[in-house]
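The numbering of the sequence shown is my numbering, which starts it at 1 and goes up by one. From the three backbone atoms N, C-alpha and C, an ideal C-beta is built for every residue, glycine too. If you're wondering where the values come from, they're calculated on a predicted model, not measured in any experiment. Take a look at the structure set out below.
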Amino acid sequence: MNFTNRDIIGISELTKTEILHILKIAKSLKQKPQPKILEHKVMGSCFFEPSTRTRLSFETAMERLGGKVVGFADPGVTSAKKGESLFDAIKIIGQYVDVIAMRHPIEGAARRAAEATDKPILNGGDGANQHPTQTLLDLFTIQECQKKLEGLSIALVGDLKYGRTTHSLAQALAHFNAKLYFVAPDSLQMPGYICDELKNNNIKFSIHQKIEEVINKVDIFYMTRIQGERFADPMEYERVKNVFVLNAKMLEKAKPNLKVMHPLPRVNEITTSVDKTPHAYYFEQAENGLYVREALLGLVLGKL
Ligand code: CP
1 MNFTNRDIIG ISELTKTEIL HILKIAKSLK QKPQPKILEH KVMGSCFFEP
51 STRTRLSFET AMERLGGKVV GFADPGVTSA KKGESLFDAI KIIGQYVDVI
101 AMRHPIEGAA RRAAEATDKP ILNGGDGANQ HPTQTLLDLF TIQECQKKLE
151 GLSIALVGDL KYGRTTHSLA QALAHFNAKL YFVAPDSLQM PGYICDELKN
201 NNIKFSIHQK IEEVINKVDI FYMTRIQGER FADPMEYERV KNVFVLNAKM
251 LEKAKPNLKV MHPLPRVNEI TTSVDKTPHA YYFEQAENGL YVREALLGLV
301 LGKL
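Rendered as structure tokens:
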């Protein structure tokens, strides 16, 4: 398996074998840190859209492997402000660094960036499209808390239209014979092209509008935020923004092994009462981003 110099743009570009290999490397890095393998390597951290976890875990991952980081968290301090194109910016940054982790509000931006440079591009989210490194850390977390990936019942809940993490995760779970429950208002359901892909792969899924219909059936309850920043109509956001709120009482009859996950940030869709239950696993999930991104950096830079 050769990951050297690979772009990671969408989860569908990875085979099941490749996904499992990344998870295996991430587990070994969680157990045994490798503080020197990326010495003398530099990562460009190019975040054209706000981020806490993705940017800081990528940057920490690079530093914990002995590498260095340059970059920006706000495109307003770059020459994008003067009108420079994404293509030109990435072409130049690619001349300075060995690998680029990026996020951009426009769907397809990571693919466009990959055309501009021969340095590996790691997509940290492009608009409502894909968030493949989140999906890898989600799979790592599911495997960690359920001791397996195959044959699980998984609810994806919230904003399945604009929530890029749920698009990538649904596609990845097609490799693992999951039974999927999509819980969302009609206007925010899973896009048709993902449902079609799942049907073509004979993956069982069902559509729901109420948490109560699924909460006692599933092994993983994957909650997401309603993505207010992607709505064209602010009134529509106001109508749906509080449609799902998970609290501890709703988990009273959940399966004992149920874990609640969330890519975070949360707004108010999981109350803090859930944090104290044995079902909460979203903070461990966020920590796992560090090990998965260490694995990806080491692999695409040919050091693992
Ligand atoms: N999960 C995630 O992508 O979080 P950030 O937006 O904080 O990076």
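Check: Relative to the alpha-carbon of M43, which residue among P120, N242, T277, L304 has its alpha-carbon at the smallest distance?
Finding: Locating residue 43 in the sequence shown gives position 43, counting from the first residue. Checked all of P120, N242, T277, L304; the closest Cα to M43 is P120.
Checklist line | 9 Å Cβ cutoff met for F182 and L160 | finding: Sequence index remark: in the sequence shown, residue 182 carries index 182 (1-based). Sequence index remark: in the sequence shown, residue 160 carries index 160 (1-based). Here F182 is near L160, since their CB atoms are less than 9 Å apart.
Notebook entry, point to check: In three-state DSSP terms, what is F205?
Noted result: Walking along the sequence shown from the start, residue 205 turns up at place 205. DSSP places F205 in strand when its eight states are reduced to three.
Next item on the list: Starting from R102, follow its DSSP beta bridges and name the residues at the other end.
Entry: As a first step, residue 102 is located in the sequence shown; it is residue number 102 there, counting from the start. A small correction: the amino acid at residue 102 is Met; Arg does not occupy that position in the sequence shown. Looking at the DSSP output, M102 bridges to C46, N123.
Check: Do the CB positions of L297 and L23 come within less than 9 Å of each other?
Finding: Position 297 of the sequence shown, counted from the start, is the residue given in the question as residue 297. Position 23 of the sequence shown, counted from the start, is the residue given in the question as residue 23. No, these two residues do not count as a Cβ contact at 9 Å.
Notebook entry, point to check: Smallest Cα separation from G66: which of G94, C46, K36, S51?
Noted result: Taking the first residue of the sequence shown as 1, we reach residue 66 at position 66. Measuring C-alpha to C-alpha distances from G66 to each of G94, C46, K36, S51 identifies K36 as the nearest.
Check: Considering only residues of the same chain and omitting the five flanking positions on each side of F48, which have a CB-CB separation below 6 Å?
Finding: Numbered from 1 along the sequence shown, position 48 holds the residue referred to as residue 48. Closer than 6 Å at the Cβ level, and outside the excluded window around F48, lie P75, H104.
Note to self: Considering only heavy atoms of the ligand NAP, does any lie closer than 8 Å to the CB of L122?
What the structure shows: Among the ligands in the structure shown, the ligand NAP does not appear; only the ligand CP can be found there.
Next item on the list: Go ahead and pull the three-state DSSP assignment for I194.
Entry: Counting from 1 along the sequence shown, the entry for residue 194 is found at position 194. Helix, per DSSP.
Next item on the list: Please find out if some non-hydrogen atom of the ligand CP comes closer than 8 Å to the beta-carbon of A128.
Entry: For the purposes of this step, residue 128 is taken as the residue at position 128 of the sequence shown. Distances taken from the Cβ of A128 to the heavy atoms of the ligand CP include none shorter than 8 Å.
Notebook entry, point to check: Hey, out of A178, G192, L20, whose CA is closest to G151's CA?
Noted result: As a working mapping, residue 151 is identified with position 151 in the sequence shown. If we check each option's Cα against that of G151, A178 comes out closest.
Next item on the list: Locate the alpha helix (DSSP H) running through Y222, then write down its first and last residues.
Entry: Within the sequence shown, residue 222 is the residue found at index 222, counting from 1. Per DSSP, Y222 belongs to no alpha helix (DSSP H); it is in the beta strand (DSSP E), 220-223.
Next item on the list: Below 8 Å on the Cβ atoms is my guess for N247 versus V274; work out the distance and round it to an integer in Å.
Entry: In the sequence shown, residue 247 corresponds to position 247, counting from 1. In the sequence shown, residue 274 corresponds to position 274, counting from 1. About 6 Å; that satisfies the 8 Å criterion.
Check: Name the DSSP beta bridge partners of K68, please?
Finding: Looking up residue 68 in the sequence shown gives position 68. Paired residues: V42.
Checklist line | Closest by C-alpha distance to K41, when choosing among T133, R64, I270, S51 | finding: Within the sequence shown, the letter at position 41 stands for residue 41. Answer by Cα proximity: R64.
Note to self: Between T166 and the ligand CP, is there a pair consisting of the residue's CB and a ligand heavy atom that are separated by less than 8 Å?
What the structure shows: As a first step, residue 166 must be located in the sequence shown, where it is residue number 166. Because no heavy atom of the ligand CP lies under 8 Å away, the Cβ of T166 does not count as near it: no.
Notebook entry, point to check: Is the stretch 190-198 touching the stretch 231-242, taking contact as three or more C-beta pairs under 8 Å?
Noted result: At 8 Å Cβ cutoff, the stretches do not touch.
Item checked: Cβ shell of T17 (< 8 Å), same chain only, five flanking positions each side left out -> Here residue 17 refers to the residue found at position 17 when the sequence shown is read from its first residue. Answer for T17: M1, listed in chain order.
Check: Is V77 buried or exposed, if buried means 16 or more other CB atoms sit within 10 Å of its CB?
Finding: Within the sequence shown, the letter at position 77 stands for residue 77. Label assigned to V77: exposed.
Item checked: Neighbour-count burial assignment, T165, 16 or more Cβ in a 10 Å radius -> Looking up residue 165 in the sequence shown gives position 165. Its Cβ being crowded by 16 or more others within 10 Å, T165 is buried.
Item checked: Backbone secondary structure at S57 - three-state DSSP -> Locating residue 57 in the sequence shown gives position 57, where the first residue counts as 1. Look at S57 here: in three-state DSSP terms it is helix.
Check: Taking 8 Å as the cut-off, is the CB of T277 close to at least one heavy atom of the ligand CP?
Finding: Within the sequence shown, the letter at position 277 stands for residue 277. No, since every heavy atom of the ligand CP falls outside the 8 Å radius drawn around the Cβ of T277.
Next item on the list: Could you have a look at I25 and say whether DSSP puts it in helix, strand or coil?
Entry: Along the sequence shown, one-based indexing puts residue 25 at 25. DSSP places I25 in the helix class (H, G or I) of the three-state scheme.
Notebook entry, point to check: Under a Cβ-count criterion, where at least 16 other Cβ atoms within 10 Å of its own Cβ denotes burial, should K204 be classed as buried or exposed?
Noted result: Taking the first residue of the sequence shown as position 1, residue 204 is located at position 204. Result: exposed.
Next item on the list: Express the C-alpha separation of A254 and M102 in angstroms, rounding to a whole number.
Entry: Here residue 102 refers to the residue found at position 102 when the sequence shown is read from its first residue. Here residue 254 refers to the residue found at position 254 when the sequence shown is read from its first residue. Taking C-alpha positions only, M102 is separated from A254 by approximately 37 Å.
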